[in-house]
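*Asks:*
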Amino acid sequence: MDSITANAKTWLTDFFDADTKKEVQHLIENDTEELKERFYKDLEFGTGGMRGVMGVGTNRINKYTLGKNTQGLSNYLKKVHGNTDIKVVIAYDCRHNSDTLSKTVSEVFAANGIQVYLFSELRTTPELSFAVRHLGCQAGIVLTASHNPPEYNGYKVYWADGGQIVPPQDGEIIAEIDSLSFEDIKFEADGGLIQLIDKEVDEAFFEASVSKGSFGAKGKDDFKIVFTSLHGTSITAIPEVLKRAGYNNVTIIEEQAKPDGAFPTVESPNPEEPAALAMAIEKAEAIGADMVVGTDPDSDRLGIAVRNLKGKIELLNGNQTMIMMTKFLLDKFKDKGLQGNEFVASTIVSTPMMQQMAKAYGVECKTSLTGFKWIGKMIKDFPDSQFIGGGEESFGYMVGDFVRDKDAVTSTLLACEIASDAKASGSSFYEELINCYVSFGFYKEKLISLTKKGISGAEEIKQMLIDFKENPVDSVQGSKVVWIEDYNTSTAKNVQTGEEKAIDLPKSNVLIYETEDGTRIAARPSGTEPKVKFYMSTNATLQNAADYKSVNSQLDAKLEGIVSELNL
Numbered sequence: 000m001d002s003i004t005a006n007a008k009t010w011l012t013d014f015f016d017a018d019t020k021k022e023v024q025h026l027i028e029n030d031t032e033e034l035k036e037r038f039y040k041d042l043e044f045g046t047g048g049m050r051g052v053m054g055v056g057t058n059r060i061n062k063y064t065l066g067k068n069t070q071g072l073s074n075y076l077k078k079v080h081g082n083t084d085i086k087v088v089i090a091y092d093c094r095h096n097s098d099t100l101s102k103t104v105s106e107v108f109a110a111n112g113i114q115v116y117l118f119s120e121l122r123t124t125p126e127l128s129f130a131v132r133h134l135g136c137q138a139g140i141v142l143t144a145s146h147n148p149p150e151y152n153g154y155k156v157y158w159a160d161g162g163q164i165v166p167p168q169d170g171e172i173i174a175e176i177d178s179l180s181f182e183d184i185k186f187e188a189d190g191g192l193i194q195l196i197d198k199e200v201d202e203a204f205f206e207a208s209v210s211k212g213s214f215g216a217k218g219k220d221d222f223k224i225v226f227t228s229l230h231g232t233s234i235t236a237i238p239e240v241l242k243r244a245g246y247n248n249v250t251i252i253e254e255q256a257k258p259d260g261a262f263p264t265v266e267s268p269n270p271e272e273p274a275a276l277a278m279a280i281e282k283a284e285a286i287g288a289d290m291v292v293g294t295d296p297d298s299d300r301l302g303i304a305v306r307n308l309k310g311k312i313e314l315l316n317g318n319q320t321m322i323m324m325t326k327f328l329l330d331k332f333k334d335k336g337l338q339g340n341e342f343v344a345s346t347i348v349s350t351p352m353m354q355q356m357a358k359a360y361g362v363e364c365k366t367s368l369t370g371f372k373w374i375g376k377m378i379k380d381f382p383d384s385q386f387i388g389g390g391e392e393s394f395g396y397m398v399g400d401f402v403r404d405k406d407a408v409t410s411t412l413l414a415c416e417i418a419s420d421a422k423a424s425g426s427s428f429y430e431e432l433i434n435c436y437v438s439f440g441f442y443k444e445k446l447i448s449l450t451k452k453g454i455s456g457a458e459e460i461k462q463m464l465i466d467f468k469e470n471p472v473d474s475v476q477g478s479k480v481v482w483i484e485d486y487n488t489s490t491a492k493n494v495q496t497g498e499e500k501a502i503d504l505p506k507s508n509v510l511i512y513e514t515e516d517g518t519r520i521a522a523r524p525s526g527t528e529p530k531v532k533f534y535m536s537t538n539a540t541l542q543n544a545a546d547y548k549s550v551n552s553q554l555d556a557k558l559e560g561i562v563s564e565l566n567l
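Anchor point for the sequence shown: position 178 equals 177 in numbering that gives the first Met the number 0, and the numbering is continuous, going up by one each time.
#1: If I measure Cβ to Cβ from Gly56 and keep anything under 7 angstroms in the same chain, skipping five residues before and after, which residues do I get?
#2: Starting from the Cα of Gly71, find the closest Cα among Asp183, Val115, Ser563 and give me that residue.
#3: Look at Thr235 and Glu120 and say whether their C-beta atoms are less than 9 angstroms apart.
#4: Measure from the alpha carbon of Asn96 to the alpha carbon of each residue in Gln114, Val115, Ile60, Val79, then state which is nearest.
#5: Assign Cys415 to one of three DSSP states: helix, strand, or coil.
#6: Below 9 angstroms between beta carbons: does that hold for Met356 and Ser427?
#7: In the DSSP assignment, find the unbroken alpha helix (DSSP H) run with Ala283 in it and report its ends.
#8: With DSSP as the reference, identify every bridge partner of Pro524, one or two as the case may be.
#9: Under the rule that 16 or more other beta-carbon atoms within 10 Å means buried, what is Val480, buried or exposed?
#10: Would DSSP call Val437 helix, strand or coil?
#11: So Lys86 is in the beta strand (DSSP E); what residue range does that whole segment cover?
#12: Quick check on the DSSP output: what are the complete beta strand (DSSP E) runs of length 3 or more inside the stretch 113-161, in order along the chain?
#13: Following the continuous alpha helix (DSSP H) through Glu199, name the residue where it begins and the one where it ends.
#14: Using the three-state DSSP reduction, which class does Leu195 fall into: helix, strand or coil?
#15: Is the beta carbon of Asp404 closer than 9 angstroms to that of Thr124?
#16: In the DSSP output, which residue or residues are listed as bridge partners for Ser383?
#17: Can you tell me whether DSSP reads Leu329 as helix, strand or coil?
#18: Count the CB pairs spanning the stretch 318-334 and the stretch 509-519 that are closer than 8 angstroms, and state whether there are at least three.
#19: So Asn58 and Ile176 are in contact, right, with Cβ under 8 angstroms, and what is the actual spacing, rounded?
#20: What distance in whole Å lies between the Cβ atoms of Ala274 and Gly293, which are believed to be in contact at a cut-off of 8 angstroms?
#21: Could you pull out every residue in the same chain whose Cβ sits closer than 7 angstroms to the Cβ of Leu567, ignoring the five residues on either side in sequence?
#22: Let's test the definition: count the other Cβ atoms within 10 Å of the Cβ of Thr369 and tell me whether it reaches 16, buried, or not, exposed.
#23: I'd like the list of long-range same chain contacts for Thr490, defined as Cβ closer than 7 angstroms, with 5 residues on each side in sequence excluded.
#24: Provide the residue span of the alpha helix (DSSP H) that contains Leu464, from first to last.
#25: DSSP three-state call for Met353: helix, strand or coil?
#26: Output needed for Val475: all residues of its chain with C-beta closer than 8 angstroms, excluding positions within five of it in sequence on either side, in chain order.
#27: Kindly indicate which three-state DSSP category Glu341 falls into: helix, strand or coil?
#28: Cβ atoms of Val398 and Gly212: under 9 angstroms apart, would you say?
#29: For Asp485, list the residues DSSP reports as bridge partners.
#30: Compute the Euclidean distance between the alpha carbons of Leu100 and Gln462, then round it to the nearest angstrom.
#31: If you pair each beta-carbon of the stretch 242-262 with each one of the stretch 218-230, do three or more pairs fall below 8 angstroms?
#32: In the DSSP output, which residue or residues are listed as bridge partners for Glu569?
#33: Starting from the Cα of Ala539, find the closest Cα among Gly440, Val509, Lys492 and give me that residue.
#34: Assign Leu618 to buried or exposed, taking buried as 16 or more other Cβ atoms, counted over all protein chains shown, within 10 Å of its Cβ.
#35: Hey, which unbroken runs of the beta strand (DSSP E) at 3 residues or more fall wholly within the stretch 222-267?
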C-alpha cells in the first residue's frame, strides 16, 4: 500500500489541476480502498484499445492518462514519419466527457505540431475508420467505451490503413507511452492545427455505405423496419443511409434516439442483450414490422431481431447474423464469377459453420484471434486477395474493406437487403437461416460471460483460466475431448494420440477444447471488460427444414448440459 500511496502523491504536484489534487488528497486521507483501485496499476491496451472507468488516477480514464497516451503516440508518429506533415483524425461517441476528452486529445496532438481533423459532433466508429483513409491521415482516434456501463470511456487507435493498431506496433506505442512521465505531456495547443470536420466526410461515408451495402433488393416499400440507436451515435448515420438506399418504412424509437451517455432507458446499451432491444421489439410487434435493428453506442455492433417460424420477433445471435450476411455476399460474388482469390473471415471463438460454408463455395475462410483488429490486419497482410466480408460472434460485421473495423452502419443496410429480398421472394430472413443449416450443418452456440470486478476479480479470472487449463475435462456430453488448443503456448495437442501442431496466430490467453463430435468450448478473459467468457458450440445434421424444431431442441438441451457439466 505504501507504493500505491507514493504513486498517488505524485499527482499532488503543480502540474495537475486543482480539482485533481483535491480529489487525490481526499482519497489518501479518507478512502484507502478506492485509492488502491485507482492507483494500483496503469490502464493497459487490450483487444479494443484502452478502456476503463472515468475518474482521477492511473487506473482511470482522465485528461492525464489520455494525454499521456496521446503524447506517446505523437512521439511515435514522429519517429515513424520523421519531418513529414502528420495528420490525425479524431471522433468521439455519446459518453460522458467524450467531447471534452476528445478536445484534450486534439490539443496534445496540436501541441506536438500534428495536424488534427476533429469531428465537430459525435460520430460513429466506422465513419472514423473510413475517415482515416479518406483524409489521408497517418492515424485516427475514437473516444468510446462501446457498450460498457455509463461510468466507462475509452481510447482506440487506428493506423493509416483505417484498421486498429496491431503487434508489433501496439507494443512499440505502449513502450513509448511507458517511457514518459505525466509531466512530459504537452497540453498547450497550436489552435491553427485543429480543423473541425463534419458534412464533407459524412457525405463520402454515406455514399460509400450505400454503394457497398446495396444489392438491388426487391420489396423495399413493403418492408417495415424498427430502428433504435440505444442513445448512441448511429442516429447520425443509419437513418440517412437507409433512406438513401430506398428504405422509407423506418420507425425510429424516439425515446432512445437522443444521444445520452447515461443510457436512461436501458440497463446496458448492448445489442447482444434482449433487454436492450425490448422497447424496439415491443414497437415492432405493435406495428407489424419485419425487422428490428439496434446498435451499440459507437455503432460498430448491431443486434437484429426478425420474425421466427411462429411469426414472433426473435433476437438472433451474432453467429446467426454473420452466417446470413456472409452467405448473401458469397452468393453475390458467385453470381459475378469468383476469381479464386476471395476470402471471408471470422475468429477462433465464433461459429465453425463459417469454415463449412466457405468450403462449400470454394472460398478461403481465414480465422483470427478475437477482435476486429485482426480481421482488419488480414486485408493489409494479403493485398492480392479480395476480402468479401467477415464477422465475429459478438455482433460485429464488416462488409468489404472500405471500413477496416466492424461496421453497424453498412451491416444494417445489408441485413435489410437480405430480409427485404427474402420477403419479396415469399421466404424470410429466418427461413433462409434454416436453409443454411440444411446446406452447411446446424451449428448452435452459447456464451456464458462472468463479471469479476476489481483487483480480486482480476485474480479470480486468472485462476479460472489456470484451472481450465490444468484440470482439463476428458469428455463433453459423452463425446471425448480430442484436441486442446492452447493459444498461450501456440500449441494444439491431440490428447488421444499425443500429436502436437503449432498454432500460427499471435499468443493469447485462450484455451479451446474440441471433442470427437465437433463440440467446441473456448475460455478467454475479455480484453476490455472485467469478464471471463466461455464460448460453446455444438452441431448436428439437419436433413430438411421440417426437422428444425426437434433438432433445435436437441442442441439446446446439449448446450444446457455443457453449462451444467462445467459448473457455469
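Think of the CB as a built atom: it goes at the ideal place given N, C-alpha and C, for glycine as much as any other residue. These figures come from a predicted structure and were not determined experimentally.
*Replies:* Checking against the coordinates, here is how it stands:
#1: Against the sequence shown, residue 56 aligns to sequence position 57. Counting only Cβ-Cβ distances below 7 angstroms, and skipping sequence neighbours, we find Arg37, Phe38.
#2: Position 72 of the sequence shown, counted from the start, is the residue given in the question as residue 71. For Gly71, the nearest C-alpha among the options comes from Asp183.
#3: Translated into the one-based positions of the sequence shown, residue 235 becomes position 236. Translated into the one-based positions of the sequence shown, residue 120 becomes position 121. Yes, these two residues count as a Cβ contact at 9 angstroms.
#4: The sequence position of residue 96 within the sequence shown is 97, counting from 1. Residue Ile60 is the option with its Cα nearest to Asn96.
#5: As a first step, residue 415 must be located in the sequence shown, where it is residue number 416. Cys415 falls in the helix class under three-state DSSP.
#6: For the purposes of this step, residue 356 is taken as the residue at position 357 of the sequence shown. For the purposes of this step, residue 427 is taken as the residue at position 428 of the sequence shown. Met356 is not a Cβ neighbour of Ser427, given a cutoff of 9 angstroms.
#7: In the sequence shown, counting from the first residue as 1, residue 283 sits at position 284. For Ala283, the enclosing alpha helix (DSSP H) stretches over residues 277-286.
#8: Here the question's residue 524 lines up with position 525 in the sequence shown. Per DSSP, Val531.
#9: For the purposes of this step, residue 480 is taken as residue 481 along the sequence shown, with counting starting at 1. Classification of Val480: buried, given that the 10 Å Cβ count is 16 or more.
#10: Here residue 437 corresponds to residue number 438 of the sequence shown, with the count starting at 1. Note: Val437 maps to helix in three-state DSSP.
#11: What you label residue 86 is simply residue 87 of the sequence shown in a count that begins at 1. In the DSSP assignment, Lys86 falls within the unbroken beta strand (DSSP E) covering 86-91.
#12: 114-118, 138-142, 151-158
#13: Translated into positions along the sequence shown, residue 199 becomes position 200. 198-212 is the extent of the alpha helix (DSSP H) around Glu199.
#14: Mapped onto the sequence shown, residue 195 falls at position 196. Leu195: strand per DSSP, three-state reduction.
#15: Residue mapping note: residue 124 aligns to position 125 of the sequence shown, counting from 1. Residue mapping note: residue 404 aligns to position 405 of the sequence shown, counting from 1. Yes, Cβ-Cβ distance for Thr124 and Asp404 is below 9 angstroms.
#16: Translated into positions along the sequence shown, residue 383 becomes position 384. In the sequence under discussion, the amino acid at residue 383 is Asp, which differs from the Ser named in the question. As DSSP reads the structure, Asp383 sits in no beta bridge.
#17: Reading the sequence shown from its first residue, position 330 is the one you call residue 329. Looking at Leu329 - three-state DSSP - the assignment turns out to be helix.
#18: no
#19: Residue numbering aside, residue 58 sits at position 59 when the sequence shown is read from its first letter. Residue numbering aside, residue 176 sits at position 177 when the sequence shown is read from its first letter. Rounded, the Cβ-Cβ distance is 15 angstroms, inconsistent with contact.
#20: For the purposes of this step, residue 293 is taken as residue 294 along the sequence shown, with counting starting at 1. For the purposes of this step, residue 274 is taken as residue 275 along the sequence shown, with counting starting at 1. No, Gly293 and Ala274 are not in contact; Cβ-Cβ is about 11 angstroms, not under 8 angstroms.
#21: Taking the first residue of the sequence shown as position 1, residue 567 is located at position 568. So the qualifying residues of the chain are Ile447, Phe533.
#22: Counting from one through the sequence shown, the residue named residue 369 turns up at place 370. Counting Cβ neighbours within 10 Å, Thr369 comes out buried, since at least 16 surround it.
#23: The residue labelled residue 490 in the question sits at position 491 within the sequence shown. Within the same chain, Thr490 has close Cβ partners Glu499, Ala501, Ile502.
#24: Position 465 of the sequence shown holds residue 464. Looking at the DSSP string, the run of the alpha helix (DSSP H) that includes Leu464 is 453-469.
#25: For this step, residue 353 is matched to residue 354 along the sequence shown. If DSSP states are grouped into helix, strand and coil, Met353 belongs with the helices.
#26: Counted from its first residue, the sequence shown places residue 475 at position 476. Non-local beta-carbon contacts of Val475 in its own chain, meaning distances under 8 angstroms to residues more than five positions away in sequence, involve Tyr512, Thr514, Thr518, Ile520, Ile561, Glu564 in chain order.
#27: Locating residue 341 in the sequence shown gives position 342, where the first residue counts as 1. Three-state result, Glu341: strand.
#28: If you number the sequence shown from 1, residue 212 lands on position 213. If you number the sequence shown from 1, residue 398 lands on position 399. Judged by their CB atoms, Gly212 and Val398 are nearer to each other than the 9 angstroms cut-off.
#29: Position 486 of the sequence shown, counted from the start, is the residue given in the question as residue 485. In the DSSP output, where bridge partners are listed per residue, Asp485 has Thr490, Leu510.
#30: Working through the sequence shown from its first residue, we reach residue 100 at position 101. Working through the sequence shown from its first residue, we reach residue 462 at position 463. Distance between the alpha carbons of Leu100 and Gln462 is about 35 angstroms.
#31: yes
#32: The requested residue 569 is not part of the displayed model; the chain covers only 0 to 567.
#33: As a working note, residue 539 is residue 540 in the sequence shown. Answer by Cα proximity: Gly440.
#34: Coverage of the chain is limited to positions 0 through 567, which leaves residue 618 absent and any answer about it impossible.
#35: 224-227, 249-251
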